[in-house]
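Trainee: Sending over a structure as structure tokens; questions will come in a sec.
2 protein chains.
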Amino acid sequence: MARKPGSRSDITGPRIRAAARHLFARHGFAAVSMRQIAAEVGVQAGALYLYTPDKETMLVDLLRDHMDELIAAWDAAEPSADPVERLEAFVRFHIAFNLDHAEAVFLSYMELRNLGPENFAVIEGLRRDYENRLEAILRAGQDAGHFAVPDTKLATLAIIAMLNGVNTWYREGGRLGRAAIGDIYWDMARKAVAA
Amino acid sequence: MARKPGSRSDITGPRIRAAARHLFARHGFAAVSMRQIAAEVGVQAGALYLYTPDKETMLVDLLRDHMDELIAAWDAAEPSADPVERLEAFVRFHIAFNLDHAEAVFLSYMELRNLGPENFAVIEGLRRDYENRLEAILRAGQDAGHFAVPDTKLATLAIIAMLNGVNTWYREGGRLGRAAIGDIYWDMARKAVAA
DNA sequence: GTCTATAAGACGATAGAC
DNA sequence: GTCTATCGTCTTATAGAC
Numbered sequence: 001m002a003r004k005p006g007s008r009s010d011i012t013g014p015r016i017r018a019a020a021r022h023l024f025a026r027h028g029f030a031a032v033s034m035r036q037i038a039a040e041v042g043v044q045a046g047a048l049y050l051y052t053p054d055k056e057t058m059l060v061d062l063l064r065d066h067m068d069e070l071i072a073a074w075d076a077a078e079p080s081a082d083p084v085e086r087l088e089a090f091v092r093f094h095i096a097f098n099l100d101h102a103e104a105v106f107l108s109y110m111e112l113r114n115l116g117p118e119n120f121a122v123i124e125g126l127r128r129d130y131e132n133r134l135e136a137i138l139r140a141g142q143d144a145g146h147f148a149v150p151d152t153k154l155a156t157l158a159i160i161a162m163l164n165g166v167n168t169w170y171r172e173g174g175r176l177g178r179a180a181i182g183d184i185y186w187d188m189a190r191k192a193v194a195a
Numbered sequence: 001m002a003r004k005p006g007s008r009s010d011i012t013g014p015r016i017r018a019a020a021r022h023l024f025a026r027h028g029f030a031a032v033s034m035r036q037i038a039a040e041v042g043v044q045a046g047a048l049y050l051y052t053p054d055k056e057t058m059l060v061d062l063l064r065d066h067m068d069e070l071i072a073a074w075d076a077a078e079p080s081a082d083p084v085e086r087l088e089a090f091v092r093f094h095i096a097f098n099l100d101h102a103e104a105v106f107l108s109y110m111e112l113r114n115l116g117p118e119n120f121a122v123i124e125g126l127r128r129d130y131e132n133r134l135e136a137i138l139r140a141g142q143d144a145g146h147f148a149v150p151d152t153k154l155a156t157l158a159i160i161a162m163l164n165g166v167n168t169w170y171r172e173g174g175r176l177g178r179a180a181i182g183d184i185y186w187d188m189a190r191k192a193v194a195a
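Protein chains in written order, with the UniProt record's numbering: chain A, 1 to 195; chain B, 1 to 195.
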């Protein structure tokens, strides 16, 4: 009875990641036990250790994969050379991507403190890579005279913080659709950095 | 040996709250044990239960006290009737208060999910009370023709999210002092809601 | 008001059967 | 690849001594 009929690691692996992401986002990394994750997947706790050496590695793998996907998606989508159009594209992309990956976004902001120093540095570096892409847009727009901000780095962080806020209140089927939200935040972001 | 010489509840109580706030903010509510809190204070774990019925009540008391203090401080400080001046005062107040109470702010955004439904509703209600004060400013400024935002509620949340971002990067002794940070964020907030 | 001691159980992780 | 069983430790919370 040891091996369950039809058991396959290429199915169980993704299901473990999905269950861990979901439970960590909902209850917090420290509050979720390996037994809970295993129960959600339908295996015993010991079986999880075929897929990860330990619990922290499960978390950092989720966070790294998320950041890699975020950066790759933006790099694949990046539009025209005009800084204003690029900023608009960034605002709409960031909101849409965050809403499509709400659990992973939540984790990548809330659970960094559960990482050891070296894992923390990896995720922090990826986040900075992403921020630098927005900062470059703002700098190009200032050089072209379209934007004027008192501090480019702080404007970068301010815009990202503002956009991240959407995930704290958005509910599917609410008053505003995603396109309308993009319009509203683009209006505010555009004016905030306007010359 | 039972009672320690000089032990007094009016000293131990605040020290327990401070230790809990500090450890919860640093490691997360679920990751901190009652034994750790007791060790930080210098008592045994059982003694904590003279001051709180359980761990969750410790957390909700910290969060409620923080929100009460935040709202009372703003209500005591609120300045002129002019909406533009009031918005500037709000921006500077919010940044300063958040930096002065960084651990409690962190908790009140990160640990709400560790509350039961009734405790959660209490803290959510206080947060909405505070948000409503900013929303009223934005509405008054629109009525007077000074501001123009596509959606007043979302502008409220966007500004608060932007300002909250300061706590994620600010370090004492960094490149910018608090006054300079207030200037920079006031410039961006003002333009974001400008007519 | 604080201690020691303990109840009753959950935790992360591993060993060995199949 | 997954199971059962288990190790050693930690957990929240309580009881009773002083």
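We treat Cβ as the ideally placed atom computed from N, Cα and C, and that holds for glycine.
Would B/ALA161 and A/LYS191 qualify as a contact pair, given that the criterion is a beta-carbon distance under 7 Å?
Mentor: Taking 7 Å as the Cβ cut-off, B/ALA161 and A/LYS191 do not qualify as a contacting pair.
Trainee: Give the DSSP bridge partners of B/PHE147, in chain order.
Mentor: According to DSSP, B/PHE147 bridges with B/ALA194.
Trainee: Distance, Cα to Cα, B/ALA38 vs B/LEU115?
Mentor: Taking the straight line joining both Cα atoms gives about 21 Å.
Trainee: Which same chain residues end up closer than 7 Å to B/ILE16 when comparing Cβ atoms and leaving out the 5 residues on each side of it in sequence?
Mentor: Within the same chain, B/ILE16 has close Cβ partners ILE37, VAL41, LEU48 and TYR51.
Trainee: Could you list the residues in the segment 97–125 of chain A with a C-beta less than 9 Å from some C-beta on chain B, going in chain order?
Mentor: Correct list: TYR109, MET110, GLU111, ARG113 and ASN114.
Trainee: Answer with yes or no whether the minimum CB distance from B/GLY182 to chain A is below 7 Å.
Mentor: Taking Cβ atoms only, chain A never reaches closer than 7 Å to B/GLY182, which makes this a no.
Trainee: Under 9 Å Cβ-Cβ, which residues of chain B neighbour A/ASN164?
Mentor: In chain order: ALA161 and GLY165.
Trainee: Taking 6 Å as the limit between beta carbons, can you name the residues of its chain near B/ALA89, skipping five residues before and five after?
Mentor: Once the five neighbours on either side are set aside, the close Cβ partners of B/ALA89 are PRO79.
Trainee: Thinking C-alpha only, which one of A/GLY46, A/LEU99, A/ARG86 and A/VAL84 is nearest A/ARG178?
Mentor: Among A/GLY46, A/LEU99, A/ARG86 and A/VAL84, the Cα nearest to that of A/ARG178 belongs to A/LEU99.
Trainee: For A/PHE24, tell me which candidate among A/ASP61, A/ALA73 and A/ARG92 has the shortest Cα-Cα distance.
Mentor: Of the candidates A/ASP61, A/ALA73 and A/ARG92, the one whose C-alpha sits nearest the C-alpha of A/PHE24 is A/ASP61.
Trainee: With a Cβ-Cβ cutoff of 7 Å, do B/GLY174 and B/PRO83 count as a contact?
Mentor: Their beta carbons are not under 7 Å apart, which means B/GLY174 does not touch B/PRO83 by this criterion.
Trainee: Three Cβ pairs or more, each shorter than 8 Å: is that satisfied between the segment 126–137 of chain A and the segment 150–170 of chain A?
Mentor: Contact holds: three or more Cβ-Cβ distances are below 8 Å.
Trainee: Please decide whether A/TRP186 counts as near chain B, where near means a Cβ-Cβ distance under 7 Å.
Mentor: Closer than 7 Å: no.
Trainee: Does chain A have any CB closer than 7 Å to the CB of B/ASP151?
Mentor: Closer than 7 Å: yes.
Trainee: Could you check if B/SER33 is buried or exposed, using at least 16 other CB atoms within 10 Å of its CB as the buried criterion?
Mentor: When all chains shown are included, B/SER33 counts as exposed.
Trainee: Can you tell me whether A/ALA2 is buried or exposed? The criterion is at least 16 other CB atoms within 10 Å of its CB, across all chains shown.
Mentor: For A/ALA2, the predicted structure reports a pLDDT of 42, less than 50, and the residue's modelled location is therefore unreliable. The matter cannot be settled from this model.
Trainee: Excluding sequence positions up to five away, which residues of its chain have a Cβ less than 8 Å from the Cβ of B/TYR109?
Mentor: Same-chain partners within the cutoff: ASN164.
Trainee: What's the C-alpha gap between residue 204 of chain A and A/ARG35?
Mentor: No statement about residue 204 of chain A is possible, as the shown extent of chain A runs from 1 to 195 and does not include it.
Trainee: Which residue wins for smallest C-alpha separation from A/ILE123, given the options A/VAL43, A/ILE181 and A/GLU69?
Mentor: Answer by Cα proximity: A/GLU69.
Trainee: Which residues, taken in chain order from the segment 20–35 of chain A, show a beta carbon closer than 8 Å to some beta carbon of chain B?
Mentor: Cβ contacts with chain B: ARG26, HIS27, GLY28, PHE29, ALA30 and ALA31.
Trainee: With 16 other CB atoms within 10 Å as the buried threshold, where does A/PRO117 fall?
Mentor: Per the 10 Å Cβ criterion, exposed.
Trainee: Report the residue ranges of all alpha helix (DSSP H) runs contained in full by the segment 69–154 of chain B; include only those spanning at least 4 residues, in chain order.
Mentor: Runs found: 83–100, 102–110 and 117–143.
Trainee: Does B/PRO5 have its Cβ less than 7 Å from a Cβ in chain A?
Mentor: Here the model assigns B/PRO5 a pLDDT of 49, short of 50, so the residue's position is not dependable, and the following value carries that caveat. Judged by the 7 Å Cβ criterion, B/PRO5 is not in contact with chain A.
Trainee: Assuming the contact rule is C-beta atoms closer than 8 Å, A/MET58 and A/LEU126 should be a hit. Round their C-beta distance to whole Å, please.
Mentor: Actually they are not in contact, since the Cβ atoms of A/MET58 and A/LEU126 sit about 18 Å apart, beyond 8 Å.
Trainee: Could you name the residues of the same chain whose beta carbon sits closer than 7 Å to that of A/LEU112, not counting the 5 residues immediately before and after it, in chain order?
Mentor: The answer, listed in chain order, is PHE120 and ILE123.
Trainee: Quick check: is the beta carbon of A/TRP74 nearer than 7 Å to any beta carbon in chain B?
Mentor: No, A/TRP74 does not count as interfacial toward chain B.
Trainee: Cβ atoms of A/LEU134 and A/THR156: under 7 Å apart, would you say?
Mentor: Yes, the pair counts as a contact, with Cβ atoms nearer than the cut-off.
Trainee: Please identify the residue among A/LEU87, A/ARG86 and A/PHE93 whose C-alpha is closest to the C-alpha of A/ILE71.
Mentor: Taking only the C-alpha atoms, the option nearest A/ILE71 is A/PHE93.
Trainee: So B/LYS191 contacts chain A; which residues on that side make the cut at Cβ distance below 8 Å?
Mentor: Simply LYS191, ALA192, VAL193 and ALA194.
Trainee: In angstroms with no decimal places, state the Cα-to-Cα distance between A/LEU138 and B/TRP186.
Mentor: Distance between the alpha carbons of A/LEU138 and B/TRP186 is about 18 Å.
Trainee: Do B/ALA30 and A/ALA31 come within 7 Å of each other at the CB atom, strictly closer than that value?
Mentor: Taking 7 Å as the Cβ cut-off, A/ALA31 and B/ALA30 qualify as a contacting pair.
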